[in-house]
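>
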Amino acid sequence: MNANIKYIGCDDAEMDLFESQYVTPEGMCYNSYLIQDEKIAVMDSVDPRKTGEWLQNLSAALDGRTPDYLIVQHMEPDHSGSLKAFRQAYPNATIVASEKALTIMGQFNGGTDFGSTMAVKEGDTLSLGARTLQFIGAPMIHWPEVIVTYCPEEKTLFSADAFGKFGVKDADPDDWACEARRYYFNICGKYGVPVTTLLKKASTLDIQTIYPLHGPILRGEQLTEALRLYTIWSSYGVETEGVLVAHASIHGNTKKAAEKLAEILQAKGAKKVVVADLCRDDMAEVIEDAFRMDKLVVCASSYDADVFPPMHMFLWKLKMKAYQNRTVGILENGSWAPSAGKAMRAILEQLKNVNIVEPTVTIRSSMKLADIPAMEALADAVLA
Ligand code: FEO
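Quick note: the sequence shown uses this note's numbering, first residue 8, plus one each step.
1) Do the region 46-57 and the region 240-259 touch if we need at least three Cβ pairs shorter than 8 Å?
2) Residue 239 and residue 230 - do their beta-carbons sit closer together than 7 Å?
3) Look at the Cβ atom of residue 85, then the Cβ atom of residue 40, and state whether they are nearer than 7 Å.
4) Give me, in chain order, the residues of the same chain whose beta-carbon lies closer than 6 Å to that of residue 249; leave out the 5 immediate sequence neighbours on both sides.
5) What residues sit near the ligand FEO, counting only those whose C-beta is closer than 5 Å to one of its heavy atoms, in chain order?
6) Less than 6 Å between C-beta atoms, sequence neighbours within five positions excluded: which residues of the same chain meet that for residue 212?
7) Are residue 152 and residue 111 closer than 7 Å when you measure CB to CB?
8) Rounded to the nearest angstrom, how far is the Cβ of residue 253 from that of residue 314, given a contact under 8 Å?
9) Is the beta carbon of residue 196 sitting closer than 7 Å to the one on residue 328?
10) Am I right that residue 361 and residue 389 are in contact with their C-beta atoms under 8 Å? What's the rounded C-beta distance?
11) Taking only the alpha-carbon atoms, compute the straight-line gap between residue 194 and residue 102 and give it to the nearest angstrom.
12) Counting only runs of 4+ residues fully inside the region 281-323, write out the alpha helix (DSSP H) ranges in chain order.
13) So, helix, strand or coil for residue 257, using DSSP?
14) Using a Cβ-Cβ distance under 7 Å, would residue 160 count as near chain B?
15) Whole-angstrom Cβ separation of residue 251 and residue 297, contact assumed at under 8 Å?
16) Here's a check: name, in chain order, each residue in its chain whose Cβ is nearer than 8 Å to the Cβ of residue 405, leaving out the five neighbours to either side.
17) Which residues bound the beta strand (DSSP E) around residue 165?
18) If you drop the 5 nearest sequence neighbours on each side, which residues of the same chain put their C-beta closer than 6 Å to that of residue 372?
19) Helix or strand or just coil, what does DSSP make of residue 181?
20) Along the chain, where does the beta strand (DSSP E) containing residue 35 start, and where does it finish?
21) Cutting at 7 Å between CB atoms, please list the residues of its own chain near residue 91, excluding the five before and the five after it.
22) Per DSSP, residue 226 is paired with what?
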């Protein structure tokens, strides 16, 4: 750790459901940093769950000094939930944020007078003495008010949510990508274009270290790998050649058909086949796998003249996250009037550059030997 940039964030090992929707078996962390120079800047606050601990970390790192600035890069409460407490503790510090962030700050903290504030925008700089903070607009990663901050003297980018991951700060020391990927596609996935724009801006800077608001500080090979993966992810490119077979099965018969289809795909030479149970597996993990691979087969039961809800939720989330540039096959099950295929296709057809291959396979209640040729044909079309 750079002696002039101290980590003052907090692990939250008890966090079980981040944003009330993403399971976090390894907890979460809310990063915050202190930059010490002639002037002292605090980079973001933390979730209100950890306000007391953060203020203690801050006070200890200050060692009797007083902060001059609090830089608010992102107003989502996991980073701004302690602003009021900061203001009470340090009434003379100036809160620095984008104009939009200052508006949202008021919305979250109705009636609070935050005192001295400074609105900054792309290109603005703030001198701390020997060090300068350069502010870079990063709207829609993944909120509109976001700025990131570059310190040229330290060759350091404070990246807000970008390059974040689930887990406490030191979770998965040897595997940043797994939980960073699940975080990226579920939280930032829709915003590939803004992320690409930020990566272009970052490519003009000499960055030796990235300080994100979640997860570990990135440098060296880990930083190079993170930039490589973000370039693929933000362009909706293919990270791993393979087929995700996702099923939503009421009584297990659609699941059996999905597993048989996976076997067929493997026998036909698919490089990698992953089977996911949309009723039981972590949906965020399945979303991540869909973006990671280049092919997808959706297998679902019919339900209420539509599709079994777990599949509807999966496809709706893919649409919400801007899933695109992929090959997709469909297998439906129906006992009297199969409707799942039509319902799934209706959502898939709304996606950008998604090639829905033929045939759609229809099984009646349970898979029979007579269904195998159609499944073979579907596998051939998916792998073509
Ligand atoms: Fe980590 Fe968008 O908050």
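Each residue gets a CB set at the ideal place from its N, CA and C atoms; glycine is no exception.
So, from the data block:
1) No, they do not touch.
2) no
3) no
4) 278, 279, 300
5) 83, 85, 168
6) Hits under 6 Å: 157.
7) The answer is yes: Cβ separation under 7 Å.
8) Not a contact, Cβ separation roughly 12 Å.
9) yes
10) Incorrect: roughly 13 Å between the Cβ atoms, too far for contact.
11) 26 Å
12) For secondary structure counted as the alpha helix (DSSP H) over 4 or more consecutive residues, the region 281-323 holds these complete runs in sequence order: 290-299.
13) coil
14) Given the protein chain composition of this structure (a single chain), no chain B is represented.
15) With a Cβ gap of about 5 Å, residue 251 and residue 297 count as contacting.
16) The displayed coordinates of the chain run from 8 to 391. Any statement about residue 405 would go beyond what the structure contains.
17) 163-165
18) 342
19) coil
20) 35-37
21) 116, 119
22) 216
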